[in-house]
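A.B. asks: These protein sequences, in sequence, are chains A and B.
For the first sequence, our numbering assigns the number 1 to the initial residue and increments by one for each residue that follows.
For the second sequence, our numbering assigns the number 1 to the initial residue and increments by one for each residue that follows.
Let me give you the structure first, and then I'll get to my questions.
Protein chains: 2
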Amino acid sequence: MRYSKLKSSLADLIKKAKLHVLEADSETVHWGHWDNSLAPVLTVESGDFVFVETITHQAGDAPELMMDETTKEIYRNIPEETRKPGPHLLTGPIEVKGAEPGDMLEVQILDIEPRQPYGSNLSAPWGFLFDKEKYEENEHVMIYELDDHAQWLTQKYKYEYPGAYDVNGRVVGEDEITKEEGPRGMRIPAQLHMGTIGVAPEEDGKISTVPPSNFGGNIDNWRIGADTAMYYPVFNKGALLSLGDAHLAQGDSELNGTGVEASANCLIRVKVRKDFHFTQPLLETEEAWHIHAFNENLDDAAEEASLKAIEFLEEYQGMTEQEAYSFLALAGELQITQVVNTNKGVHVTIPKDAFVPEV
Amino acid sequence: MRYSKLKSSLADLIKKAKLHVLEADSETVHWGHWDNSLAPVLTVESGDFVFVETITHQAGDAPELMMDETTKEIYRNIPEETRKPGPHLLTGPIEVKGAEPGDMLEVQILDIEPRQPYGSNLSAPWGFLFDKEKYEENEHVMIYELDDHAQWLTQKYKYEYPGAYDVNGRVVGEDEITKEEGPRGMRIPAQLHMGTIGVAPEEDGKISTVPPSNFGGNIDNWRIGADTAMYYPVFNKGALLSLGDAHLAQGDSELNGTGVEASANCLIRVKVRKDFHFTQPLLETEEAWHIHAFNENLDDAAEEASLKAIEFLEEYQGMTEQEAYSFLALAGELQITQVVNTNKGVHVTIPKDAFVPEV
C-alpha cells in the first residue's frame, strides 16, 4: 500500500524486524471466545512480521475438501463442549511488546492465501431472513470452489444440513447428507479477507466471538484483505491479537449469516502506535478509509459511524465539523458491513482521491 | 446501455417514436407534492423521447449563479404558500398513453446535463445529525462549482443560513449573508443524477415529495444517472411521470440532508411494460440491478430489500430461494441509499457479471 498520513513505513524498524511463524494447532488457537486472560502463544516486538495459520470452524461442512492434518488435530483435541459461546476458531493471542491500554495497534495485512481452494457458505440460524415466514427453518450448506486464478467461486455442491447447526465444528458424515448440484451460470467474485481480527477486549471473561466491537473482532468487512492496514484501540498490556474466520468471498450484509468460510494463511506486520488514537477499528486501503461502528440496529450504528467519521476528518484532514458533514453527504458512503453478527455493522467510506494537492 | 433481459431495445418502436420538448415554466411544474389528480402537462406515446427541463428548489441559495430566466419565472409565479408539503420542484406530470395500473413504466435516462455548473448543498434541519447534541441548531449552505470537464466539484463559498430554512425556494439576499471561503485541498467526485423521478401515487391527495415509496419519487440514489433505466409500478392511468431534484453529486446516505442541488436538463425515453411486474422501483445500470426498499428504519428497509431481491433472482435468474439467499450473501451488496428522507432507503445491488455463459 502507498504511504499515508497514518500507516507506518515499510522501512520503519525494518532492520530490527523479525519474521515469526505461528502455526495453528490445538495449543495455539482458541475456539468461540475472546478472553483477556488467555496466555499469549507468541510474543513479538513492535514492527515484527508474523505468518499466521488460521483454520476455519466450518471445515466439517466438507471434510473431504477442507480438513487437512492441521485441522484434524485441532478438531480432535479441542473438546466440543469448550467451543463456545461463539463459533469462530481464532489463532492467538499474539502479545506485542510495549503495547499499553490507550495505544493503537496497527496491523498491516500483507498477504492472505487460502489453504485449500474450497469454502463453505451456510444459510445459518442467525441469518438475516432465517426466521421470516417465507423460509423453512432448516439450514443449507453450499460448498464453493475457487478457480485456478483465484478470481471466481463456483458451486461445487450443496446439501440440506442434517439436523440443527448447533455444534461448532461438527464434521458432517457422507452418509448423513445428500449432495446436490448447485446453480449453473453463476459465479461469485473472489474477495479473500479475514472476517475476524481483534485485540483482547477490555471486559473480563469469556466473550462470544460473534459481535464485533471497539476491539475489532468479527467485523466481517470484505475489504479487510491483502494490502490493507487495520488500526485497533488497545485495551490490555501486549494488545493480545488473535485472528481467523477467513472468507473467500462475502458481500456487504453477509445476508445468510456466513461468507465462504475457509482456512487461510496470513502474513501480517504489527506495530504499536502511541502517536494517534481513535475509538473505533479503522481500516485503511489503497483508496479509502473506512470507519466502523456497531449496534444492534442499523440506524444507531449509522449515527455512530457518521459522528466518528466527522471526528476523523476534523482530526486528520483539518476540516471543520460543518465542512466534514457536507463532505460526507457528498463524497462519503455510509455502508452496511453486515446484518447478522448480533451487533450489526455500518462503516463510513472516505475516498482518498477527494484530497488533492494544490496545482 | 447494453441490452439486457429487461430493458427495451433502442430499435423497439423507433420508427414511430417522437421527440418531445417539455420546457419548465410555472405551468409545467408542481412544487412540493405528488397528486394523482394533477392534469398532464404533456401526453406521449409509449416509446417516445422527452427532453425535460428541471429546475432546482434551491436556486435561491446562490441566486447570482443558479437563477436563470426560467427559474425566475417559476419562483415569481408560484406562490410560496403553495409550495408544500415537501420542498421539491418537479416537472410534469407526463401522461404515457396506454399505461394502466398494474403495468410497469420503463424510464430510460439517456442523458443529464446541468443547466449551470453550480449547485447548493444545505446542512438541513432534516439532516441525519442535525438534532445531535454535537451540532448547533443552524443551517449551513455550501455552494459548489463543477469543473470544465464535469469531473469534480469544489467549494465556491459557504455561509450560515440567515434564520431557519423554512420557506421552500426562498431567495437569499446578498446583504443577509456572509460568504466565507470553503475548505481547500478537497474535491467531490461529480455524479450527475436525478434525485426524484416517479409516477403518480396510488393514494389520493397532495402527498409530500420527501418520502420515497413504491411509486419512486425522492429515491436519491446517486446511481440514477445517464445511461440507466428505471422501472416503476404504475398506479394510475397514463402513469403520470414527474421528475426533478437533480444533483451534481451525493454519497450513499445524503448525510446532511441534501446533495449538490442543481437545475438540469434530462433526456428520457418512456415505455409502457405489460410483460413483467415488480413491486419496487428497480434501477438497471450497465453493471448491476438495484432493488429499492423504504422504511422509517434501516433494519426494516434492509429486510424488505433483501426479500424483494430474492424474488427478483428467482423470477429473472431462475434461482431457487436458497440459491438466491446464498448468492446475495456473497455477491450482492445491501447498501444504504439515504437516511434523511423520512422513509430511509436501502437497495440491494446485484452485479451482472456474476452471471456467465457456459464456456
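All C-beta atoms in this analysis are idealised placements derived from N, C-alpha and C, irrespective of residue type, glycine included.
The model shown is predicted, which means the values in this text are computed figures rather than measured ones.
#1: Could you pull the start and end residues of the alpha helix (DSSP H) that Arg223/A belongs to?
#2: Quick check on this structure: which residue in Pro101/B, Asp131/B and Glu323/B has the alpha carbon closest to the alpha carbon of Thr279/B?
#3: Between the stretch 21-37 of chain A and the stretch 52-70 of chain A, are three or more C-beta pairs nearer than 8 Å?
#4: Helix, strand or coil: how does DSSP classify Ile78/A here?
#5: Can a CB atom of chain A be found closer than 8 Å to the CB of His140/B?
#6: At 8 Å on the CB atoms, spell out the chain B contacts of Met319/A, in chain order.
#7: Please give me, in chain order, every unbroken run of the alpha helix (DSSP H) with length at least 4 that falls completely inside the stretch 39-83 of chain B.
#8: Would the beta-carbon of Ala262/B fall within 8 Å of that of His247/B?
#9: Could you confirm whether any beta carbon from chain A is found closer than 8 Å to the beta carbon of Leu22/B?
#10: Pairing CB atoms from the stretch 25-32 of chain B with CB atoms from the stretch 177-190 of chain B, are three or more of them under 8 Å?
#11: For Asp252/B, which residues in chain A fall below 7 Å Cβ to Cβ?
#12: Any idea if Arg83/B is buried or exposed, counting beta-carbon neighbours within 10 angstroms, 16 or more meaning buried?
#13: Comparing the C-beta of Gly259/B with each C-beta of chain A, is any distance below 8 Å?
#14: Candidates Ser123/A, Asn77/A and Ser242/A: which alpha carbon is nearest Ala39/A's?
#15: What in chain B is Cβ-close to Phe355/A, meaning under 7 Å?
#16: Assign Lys271/A to buried or exposed, taking buried as 16 or more other Cβ atoms, counted over all protein chains shown, within 10 Å of its Cβ.
#17: Report the CB separation of Ile177/B from Tyr159/B in whole angstroms; it is logged as a contact under 8 Å.
#18: Shortest alpha-carbon distance to Asp111/A belongs to which of Gln335/A, Leu255/A, Pro125/A and Ile268/A?
#19: Pro162/B versus chain A: which residues are under 8 Å apart at the beta carbon?
#20: By the criterion of Cβ-Cβ separation under 7 Å, what are the contact partners of Leu282/B in chain A?
#21: Taking Gln155/B as part of the beta strand (DSSP E), name the residues at either end of that continuous run.
#22: From the DSSP output, which residues share a beta bridge with Thr349/B?
#23: Out of Val44/A, Lys237/A and Asp275/A, state which residue places its alpha-carbon closest to the alpha-carbon of Ser8/A.
#24: Which stretch, first to last residue, makes up the alpha helix (DSSP H) that contains Ile310/A?
#25: Hey, would you say Gly195/A sits closer than 8 Å to Leu89/A, going by beta carbons?
#26: Can you check DSSP and say which residues form a bridge with Glu106/B?
#27: Does Leu19/B have its Cβ less than 8 Å from a Cβ in chain A?
#28: Might you give, ordered along the chain, the residues of its own chain that have their beta carbon closer than 7 Å to the beta carbon of Leu62/A, omitting 5 neighbours on each side?
#29: Counting contacts by CB-CB distance shorter than 8 Å, is Phe49/A in contact with chain B?
#30: Roughly how many angstroms lie between the CA atoms of Trp152/B and Val167/B, to the nearest whole one?
#31: Between Lys352/B and Asn265/A, what straight-line distance do the alpha-carbon atoms span, to the nearest angstrom?
#32: Is there a Cβ of chain B sitting closer than 8 Å to that of Val210/A, yes or no?
#33: Between Ala11/B and chain A, is there a C-beta pair that is closer than 8 Å?
#34: Give every residue of the same chain whose Cβ lies closer than 8 Å to the Cβ of Tyr3/B, excluding the five residues on either side of it in the sequence, and list them in chain order.
#35: Give me the chain A residues within the contact set of Asp299/B, using Cβ-Cβ distance strictly less than 8 Å, ordered along the chain.
#36: Where does Lys15/A land, buried or exposed, given buried means 16+ other C-beta within 10 angstroms?
C.D. replies: In short, the structure shows the following:
#1: If you number the first sequence from 1, residue 223/A lands on position 223. Element bounds for Arg223/A: n/a, residue is neither H nor E.
#2: Walking along the second sequence from the start, residue 279/B turns up at place 279. When each option's Cα is compared against that of Thr279/B, the closest is Pro101/B.
#3: yes
#4: Along the first sequence, one-based indexing puts residue 78/A at 78. Judged by DSSP in its simplified three-state form, Ile78/A adopts coil rather than helix or strand.
#5: Position 140 of the second sequence, counted from the start, is the residue given in the question as residue 140/B. Yes, His140/B lies at the interface with chain A (some Cβ there is under 8 Å from its Cβ).
#6: Counting from one through the first sequence, the residue named residue 319/A turns up at place 319. Pro183 and Met186, listed in chain order.
#7: 63-66 and 69-77
#8: Taking the first residue of the second sequence as position 1, residue 262/B is located at position 262. Taking the first residue of the second sequence as position 1, residue 247/B is located at position 247. Contact flag set, yes.
#9: Stepping through the second sequence from its first residue, residue 22/B is reached at position 22. By this cut-off, Leu22/B is not an interface position.
#10: no
#11: Locating residue 252/B in the second sequence gives position 252, counting from the first residue. Those within 7 Å of Asp252/B in chain A are Glu333, Leu334 and Gln335.
#12: For the purposes of this step, residue 83/B is taken as residue 83 along the second sequence, with counting starting at 1. Buried is the call here.
#13: Here residue 259/B refers to the residue found at position 259 of the second sequence. For Gly259/B, the answer is yes, since a Cβ of chain A falls inside 8 Å of its Cβ.
#14: Translated into positions along the first sequence, residue 39/A becomes position 39. Checking every option, the nearest Cα to that of Ala39/A belongs to Ser242/A.
#15: Residue 355/A sits at position 355 when you count from the first residue of the first sequence. In chain order: Gly185 and Met186.
#16: One-based indexing of the first sequence puts residue 271/A at position 271. So Lys271/A ends up on the buried side.
#17: Position 177 of the second sequence holds residue 177/B. Position 159 of the second sequence holds residue 159/B. Cβ-Cβ separation between Ile177/B and Tyr159/B: approximately 4 Å, consistent with a contact (criterion under 8 Å).
#18: By one-based count along the first sequence, residue 111/A stands at place 111. Measuring from the Cα of Asp111/A, the nearest candidate turns out to be Ile268/A.
#19: In the second sequence, the residue the question calls residue 162/B occupies position 162. By Cβ distance, chain A contributes nothing, its closest Cβ being about 16 Å from Pro162/B, past 8 Å.
#20: For the purposes of this step, residue 282/B is taken as residue 282 along the second sequence, with counting starting at 1. Chain A residues near Leu282/B: none, gap ~18 Å exceeds 7 Å.
#21: By 1-based counting over the second sequence, the position of residue 155/B is 155. Run containing Gln155/B: Trp152 to Glu160, per the beta strand (DSSP E) assignment.
#22: In the second sequence, residue 349/B corresponds to position 349, counting from 1. Beta-bridge annotation (DSSP): Thr349/B is paired with His290/B and Glu333/B.
#23: Taking the first residue of the first sequence as 1, we reach residue 8/A at position 8. Nearest option by C-alpha distance: Asp275/A.
#24: Working through the first sequence from its first residue, we reach residue 310/A at position 310. Per DSSP, Ile310/A belongs to the alpha helix (DSSP H) from Leu298 to Gln317.
#25: Locating residue 195/A in the first sequence gives position 195, counting from the first residue. Locating residue 89/A in the first sequence gives position 89, counting from the first residue. Pairing Gly195/A with Leu89/A gives a Cβ-Cβ distance that is not under 8 Å.
#26: Position 106 of the second sequence, counted from the start, is the residue given in the question as residue 106/B. Answer by DSSP bridge pairing, in chain order: Tyr231/B and Lys271/B.
#27: Against the second sequence, residue 19/B aligns to sequence position 19. No, no contact with chain A.
#28: Walking along the first sequence from the start, residue 62/A turns up at place 62. It should be noted that the sequence gives Ala, not Leu, for residue 62/A. The residues are Tyr118, Ser120 and Ile143.
#29: Locating residue 49/A in the first sequence gives position 49, where the first residue counts as 1. No, its Cβ sits nowhere closer than 8 Å to a Cβ of chain B.
#30: As a first step, residue 152/B is located in the second sequence; it is residue number 152 there, counting from the start. As a first step, residue 167/B is located in the second sequence; it is residue number 167 there, counting from the start. Trp152/B and Val167/B: Cα-Cα distance of roughly 30 Å.
#31: Start at 1 with the first residue of the second sequence, and residue 352/B comes out as number 352. Start at 1 with the first residue of the first sequence, and residue 265/A comes out as number 265. Cα-Cα distance, rounded: 31 Å.
#32: As a first step, residue 210/A is located in the first sequence; it is residue number 210 there, counting from the start. No - not a single Cβ of chain B is within 8 Å of the one on Val210/A.
#33: Taking the first residue of the second sequence as 1, we reach residue 11/B at position 11. False, the Cβ-Cβ gap to chain A never drops below 8 Å.
#34: Taking the first residue of the second sequence as 1, we reach residue 3/B at position 3. For Tyr3/B, where only same-chain residues beyond five positions count, the Cβ hits under 8 Å are Ser9.
#35: In the second sequence, the residue the question calls residue 299/B occupies position 299. Result: Asn297, Leu298, Asp299, Val339 and Lys344.
#36: Locating residue 15/A in the first sequence gives position 15, counting from the first residue. It counts as exposed.
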